[in-house]
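**Q** Be aware that the sequence shown starts at -17, since it is given in my numbering, and climbs by one per residue.
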Amino acid sequence: MAWFSSGTTNDELAMALKGHDIIKSKEVLDAFRQVDRAFFVPRTMLSRAYKDYPIREGTLHLSAPHIYAQVMEALELHPGASFLNVGSGSGYLSCLVGAITGKDSINHGLEIDPGVVDSCRASLTQYANHQRRGSARDAPPNNQVDDSDDEDGGTSELSDEDMHEVEVPQQGIERANKQVDASFSVCHVVCGDVFRMNVAKNMKYDRIYVGARAPERLQDMMKELLNPFGIVVGPFEGKLKKIRRRDGDQFSEVVLGNVTFAPMREVSNNGDPIEDAICYFPPQVWSQQRHQTYPRRFKEAVHSLMTTDSRLPSTLWLRVFE
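Next comes the structure, spelled out in structure tokens:
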């Protein structure tokens, strides 16, 4: 039934997915209607932009819309949730997620192919311009795309210039911010190899998506990156799984279905210095400029702390805090 969830416009595609009960929530439906898939497909494939088929041309590979719809529902997204997309490829899914989590949320994409990262950023710029104009009828882009996929995770090896030791993603975020208007683009995609991610130094996330067939060791890594009650969705062992972190190190797991994804790629060990390179998204240190990117409860706590000084009894400062 999913294969009939096609349309001739982006709205028709979204409504077809809703009509076949693949999209179940209003939030996911609104996200699909807001983010035009045509911005993320190569111009030679624009005629298939609103068809419920995967798209592949060269190194570009987008999953079928019904797969993304299933993933979006499984992630249980909400405004302010932090998100990591491993093998972020074209950036389409990251923008769908950002349409729900909002412009002030943390939305990271990790992609192994530097060329794909550049193409993704170009698509994000076009999407941001589209959103800035506020028109749902603008013509889709007709440039690019020599892209990788939301499932392959990249194709080429990284050079020293593309991947330095530690904190490479933060450098990429700064470059992306210069290219895309932060009012509209909530997706920050950077170049890096997930198998060389420093999990101990990396920030934690509320939601994670893995866009390629992942080995068991990667599943364990993703669990470590989850906040309490966080969710990771991805193809592990040939099955699309939804893994939720409970209290402490307790996890629950649900199999959403059988899927076929290309394997997650990693930089080959060929003796180059790059094989020792590591990357991570460092936790953000609070500042007034970044205040809106934090969860609501944290922001409320900061507000309370910053206004507490003037409300505390003077004796408390003299006898306790002195």
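Just so you know, even glycine gets a beta-carbon here, dropped at the ideal spot from N, CA and C.
With DSSP as the reference, label Glu329 as helix, strand or coil.
**A** A query on residue 329 cannot be resolved here, the shown segment of the chain reaching from -17 to 304 and no further.
**Q** Only counting the same chain, and skipping five residues up and downstream in sequence, which positions put a Cβ closer than 6 angstroms to that of Glu9?
**A** Only Ile82 meet the Cβ criterion.
**Q** Give me whichever residues DSSP pairs with Glu93 in a beta bridge.
**A** Note: Glu93 sits in a beta bridge opposite Cys173.
**Q** Taking only three categories from DSSP, how would you classify Glu206?
**A** Helix at Glu206.
**Q** Return the bridge partner residues of Tyr187 from the DSSP annotation.
**A** Beta-bridge pairing links Tyr187 to Leu208.
**Q** Nearest CA to the CA of Met54: which residue from Thr(-9), Gly193, Arg199, Arg178?
**A** When only C-alpha atoms are compared, the closest one is Gly193.
**Q** What is the DSSP secondary structure of Ser(-13), reduced to helix, strand or coil?
**A** Looking at Ser(-13) - three-state DSSP - the assignment turns out to be coil, as it is neither helix nor strand.
**Q** Are the region 224 to 235 and the region 171 to 186 in contact at 8 angstroms, needing three or more beta carbon pairs?
**A** With the cut-off at 8 angstroms, the region 224 to 235 and the region 171 to 186 do not touch.
**Q** For the ligand ADP, any of its heavy atoms closer than 7 angstroms to the Cβ of Val192?
**A** Looking for the ligand ADP in the displayed structure turns up nothing, as the structure carries no ligands at all.
**Q** Check whether the region 26 to 38 touches the region -8 to 3, counting contact only when three or more Cβ pairs, one atom from each stretch, lie closer than 8 angstroms.
**A** Yes, they touch.
**Q** The alpha helix (DSSP H) with Arg279 in it runs from where to where?
**A** That run of the alpha helix (DSSP H) goes 278 to 290.
**Q** Report, in whole angstroms, the separation of the C-beta atoms of Gly62 and Arg278, which I expect to be a contact under 8 angstroms.
**A** With a Cβ gap of about 6 angstroms, Gly62 and Arg278 count as contacting.
**Q** Assuming contact is defined by CB atoms lying nearer than 8 angstroms, are Tyr50 and Leu92 in contact in what I supplied?
**A** Cβ distance not < 8 angstroms, so Tyr50 and Leu92 don't count as in contact.
**Q** Would the region 64 to 80 and the region -2 to 9 be scored as touching if the rule is three or more Cβ pairs under 8 angstroms?
**A** Segments in contact, no.
**Q** Taking Ala17 as the reference, give the member of Gly73, Tyr191, Arg199, Val214 with the closest Cα.
**A** Note that residue 17 is Val in the sequence shown, not Ala. The option with the nearest alpha carbon to Val17 is Gly73.
**Q** Between the beta-carbon of Cys173 and the beta-carbon of Leu106, is there less than 8 angstroms?
**A** No.
**Q** Check Lys221 in the structure and name its three-state DSSP category.
**A** Strand at Lys221.
**Q** Express the C-alpha separation of Asp188 and Phe211 in angstroms, rounding to a whole number.
**A** Each residue's Cα considered, the two are about 7 angstroms apart.
**Q** Spatial neighbours of Tyr191 within its chain, please: C-beta separation below 8 angstroms, excluding the five flanking residues on both sides.
**A** Closer than 8 angstroms at the Cβ level, and outside the excluded window around Tyr191, lie Val53, Leu57, Phe65, Leu66, Asn67, Val68, Leu75, Val79, Val214, Val215, Gly216.
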